[in-house]
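>
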Amino acid sequence: QYDGMVTTALRQWRRGLFEASYTLGKSLDYNSSYFGSGNLTGEPGTPIDSRNVRLDHGASAFDIRQRLVALYTIDLPGPRRRGAARMALGGWRISGIATAQTSSRFTVVLGGPDTSGFNGTNRPDVVKAGPLPQDNRAPDAAFDTSWFAPNGPGRIGTSGRNAYRGPGMQNFDVSLAKRF
3 QYDGMVTTAL RQWRRGLFEA SYTLGKSLDY NSSYFGSGNL TGEPGTPIDS
53 RNVRLDHGAS AFDIRQRLVA LYTIDLPGPR RRGAARMALG GWRISGIATA
103 QTSSRFTVVL GGPDTSGFNG TNRPDVVKAG PLPQDNRAPD AAFDTSWFAP
153 NGPGRIGTSG RNAYRGPGMQ NFDVSLAKRF
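The numbering of the sequence shown is our numbering, which starts it at 3 and goes up by one.
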């Protein structure tokens, strides 16, 4: 299930162009890589318990809630007179693309053998209350692992599928070009 909204803005003038697009969306599913089609951590390709698929309902692994993309191109002013100055200083253009988006989701899983007895994905138990504090500046230590404990034998842990977010993304590309 995907619910979303997209809005765009475009402004063109004699010396340039600006365009921006903003997307607000939410994607929910029971599994983001059915039958092993994707190699996503915590996405085994089959339900964790085929008798209770609702355990896997949640945000998709590719759920990006907000995304903003802006592009621009501007012809820089140069000398008006013909000659060497116009050849060297005229005809320059600056352009770029800026992208910013919220993070995608991930599932916390335990390493080692499957103790749940279901299908090979060990979800841990959450042992502390409240939202998990995250510091996404250090990917290897993004959250406090003391919030989790191994699940008991023969049962699925209480940590949900895709219940946590990784770091967002910002990217800026700029170009300076000259027309001859």
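For every residue, glycine included, the Cβ atom is placed at its ideal position computed from N, Cα and C.
Which runs of the beta strand (DSSP E) at least 3 residues long sit entirely within the stretch 89-170? Give them in chain order.
94-103
> Between which residues of its own chain and L134 is the CB-CB distance below 7 Å, once the five residues before and five after are set aside?
What you label residue 134 is simply residue 132 of the sequence shown in a count that begins at 1. So the list reads F145, W149, Y166, once near-sequence residues are dropped.
> Would you say V128 and S161 are within 7 Å of each other, going by their C-beta atoms?
Along the sequence shown, read from residue 1 onward, the residue named residue 128 stands at position 126. Along the sequence shown, read from residue 1 onward, the residue named residue 161 stands at position 159. Contact: yes.
> Where DSSP assigns a beta bridge to Y4, which residues make up the other side?
Start at 1 with the first residue of the sequence shown, and residue 4 comes out as number 2. Looking at the DSSP assignment, Y4 forms a beta bridge with S29.
> What's the gap between the Cα of N173 and the Cα of A72?
Taking the first residue of the sequence shown as 1, we reach residue 173 at position 171. Taking the first residue of the sequence shown as 1, we reach residue 72 at position 70. Their backbone Cα atoms lie some 11 Å apart in a straight line.
> Using the three-state DSSP reduction, which class does R13 fall into: helix, strand or coil?
Your numbering for residue 13 matches position 11 in the sequence shown. Residue state, collapsed to three classes: strand.
> In this structure, what does DSSP give as the bridge partners for A61?
Residue mapping note: residue 61 aligns to position 59 of the sequence shown, counting from 1. A61 is bridged to L30.
> What is the C-beta distance between R17 and I66, in whole angstroms, given that I count them as a contact (C-beta under 8 Å)?
Here residue 17 refers to the residue found at position 15 when the sequence shown is read from its first residue. Here residue 66 refers to the residue found at position 64 when the sequence shown is read from its first residue. About 34 Å separates the two Cβ atoms, so there is no contact after all.
> Which value, in whole angstroms, describes the spacing of the CA atoms of L178 and L78?
Counting from one through the sequence shown, the residue named residue 178 turns up at place 176. Counting from one through the sequence shown, the residue named residue 78 turns up at place 76. When rounded, the distance between both Cα atoms is 10 Å.
> What residue does the beta strand (DSSP E) around D77 start on, and which one ends it?
Position 75 of the sequence shown, counted from the first residue, corresponds to residue 77. Element bounds for D77: 68-77.
> Between I158, G168, G170, R181, which lies nearest to R53 when the distance is taken from Cα to Cα?
Here residue 53 refers to the residue found at position 51 of the sequence shown. Closest option to R53, Cα to Cα, is I158.
> For F20, which beta-bridge partners are listed by DSSP?
Taking the sequence shown and counting its residues from 1, the one referred to as residue 20 is at position 18. F20 pairs with R13, Y74.
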